[in-house]
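Here's the structure we're looking at; comments come further down.
Numbering (the working numbering), first residue to last: 15 to 346.
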């Protein structure tokens, strides 16, 4: 089973953005040693709990410290940028790190309304134009603009021997259609979607057009927390829930929490929903569920996102999962 990592570069309690980015670099290096297939880092803007606003700056640092793991953006938010510039950046990365670069394409704002306006002006209008801008981007990446069109005489240099692999990232049927129509790979964000992901992926496969690839290719991204025991994993998950409350909703919580407050949060509908969208447990349970999900979705690969109360817990979670997968492989 191929398994990869999606990193949002979280700024955990009592840490800084610099520390968060350094931890992301260390995570990518560790991921390669543990045998993960790829490492993607996300793009966010004006969110106090997340450190990475520019994956294209982090990726060359990570590429220089690793040798073989595929690295990429998860995602580059295309409505904010001109396709030509995105193609130039990722073609340059693919030139520096041959056959290792993924370009995840997203349409979400990645932040609040003001930051979207500051980045790209009329963001909603840009979202409407996504089908066109994706096509432009692909023409620049593959250097195959049709003759007599406006940009047919230019290239997004440097042109690598092997182009970056483009992926459409999404959580809905629209993104699945977009990936299928353009004949490129598709990553479904199960960890942040309440949609019928199995049907979405099946639609992508059924509608896939052999333009850029001969066969459809899928990733399902899931949220998981693994620890030595189920009890410890559940405790870590609660810390992750508190982190989400603080950083994503602007709530201030007193630490340590009084027992009454803790029980209230544990029994809340919000926490139950939080748990529902995650895999939480010891290595045997987590990896068993990962295999079940891969089979259920009929996905080519799974990608794991893990946010915990400490960087050590996050690293340990990825380590335990990789070791258990390798252990299962050795028995097959």
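Backbone N, C-alpha and C define an ideal beta-carbon position, used for all residues, glycine too.
Residue i and residue j closer than 8 Å at C-beta
| i | j | result |
| --- | --- | --- |
| residue 315 | residue 233 | yes |
| residue 118 | residue 88 | yes |
| residue 180 | residue 164 | no |
| residue 185 | residue 20 | no |
| residue 80 | residue 43 | yes |
| residue 201 | residue 173 | no |
| residue 166 | residue 59 | no |
| residue 56 | residue 83 | no |
| residue 93 | residue 137 | yes |
| residue 122 | residue 115 | no |
| residue 53 | residue 85 | yes |
| residue 362 | residue 223 | With the chain covering only 15 through 346, there is no way to say anything about residue 362. |
7 Å Cβ shell around residue i - same chain, five flanking residues per side excluded
| i | result |
| --- | --- |
| residue 187 | 214, 217 |
| residue 75 | 39 |
| residue 308 | 15, 316 |
| residue 157 | 169, 173 |
| residue 339 | 15, 17, 301 |
| residue 110 | 74, 77 |
| residue 61 | 125 |
| residue 324 | 26 |
Residue i: first and last residue of the uninterrupted alpha helix (DSSP H) it sits in
| i | result |
| --- | --- |
| residue 200 | Run containing residue 200: none in the alpha helix (DSSP H); it sits in the beta strand (DSSP E), 199-203. |
| residue 158 | That residue, residue 158, is in no alpha helix (DSSP H); it is neither H nor E in DSSP. |
When the options are compared against residue i, the one with the closest alpha-carbon
| i | options | result |
| --- | --- | --- |
| residue 297 | 274, 247, 252, 280 | 247 |
| residue 51 | 277, 332, 342 | 332 |
| residue 293 | 253, 244, 281 | 244 |
| residue 146 | 97, 122, 158 | 97 |
| residue 72 | 82, 47, 103 | 103 |
| residue 112 | 150, 280, 178 | 178 |
| residue 330 | 137, 56, 253, 239 | 239 |
| residue 17 | 310, 253, 196, 301 | 301 |
| residue 343 | 63, 49, 259 | 49 |
| residue 192 | 53, 127, 148, 160 | 148 |
| residue 252 | 295, 229, 224 | 295 |
| residue 196 | 133, 24, 230 | 230 |
| residue 219 | 204, 210, 207, 199 | 199 |
| residue 396 | 175, 31, 36, 91 | There is no way to answer for residue 396, as the model of the chain reaches only from 15 to 346. |
| residue 105 | 285, 36, 175 | 175 |
| residue 134 | 209, 95, 120 | 95 |
| residue 206 | 282, 259, 290 | 290 |
| residue 241 | 226, 66, 273, 336 | 336 |
| residue 313 | 258, 29, 341, 212 | 212 |
| residue 259 | 208, 285, 139, 120 | 285 |
Cβ-based burial, residue i [other Cβ within 10 Å; buried from 16]
| i | result |
| --- | --- |
| residue 22 | buried |
| residue 310 | exposed |
| residue 162 | exposed |
| residue 126 | exposed |
| residue 280 | exposed |
| residue 305 | exposed |
| residue 278 | exposed |
| residue 237 | buried |
| residue 228 | exposed |
| residue 67 | buried |
Neighbourhood of residue i by C-beta distance below 6 Å, restricted to the same chain and skipping five residues each side
| i | result |
| --- | --- |
| residue 288 | 255 |
| residue 328 | 320, 322 |
| residue 132 | none |
C-beta neighbour in chain C for residue i, strict 8 Å
| i | result |
| --- | --- |
| residue 83 | Judged by its chain identifiers, the structure shown contains no chain C, having just a single protein chain. |
Residue i: first and last residue of the uninterrupted beta strand (DSSP E) it sits in
| i | result |
| --- | --- |
| residue 315 | 315-319 |
| residue 74 | It is not in any beta strand (DSSP E) - residue 74 instead sits in the alpha helix (DSSP H) that spans 69-79. |
Contacts around residue i, its chain only, beta-carbon distance under 8 Å, and the 5 residues preceding and following it disregarded
| i | result |
| --- | --- |
| residue 101 | 151, 154, 155, 170 |
Any non-hydrogen atom of the ligand ADP within 7 Å of residue i CB
| i | result |
| --- | --- |
| residue 162 | Among the ligands in the structure shown, none appear at all, so the ligand ADP cannot be discussed. |
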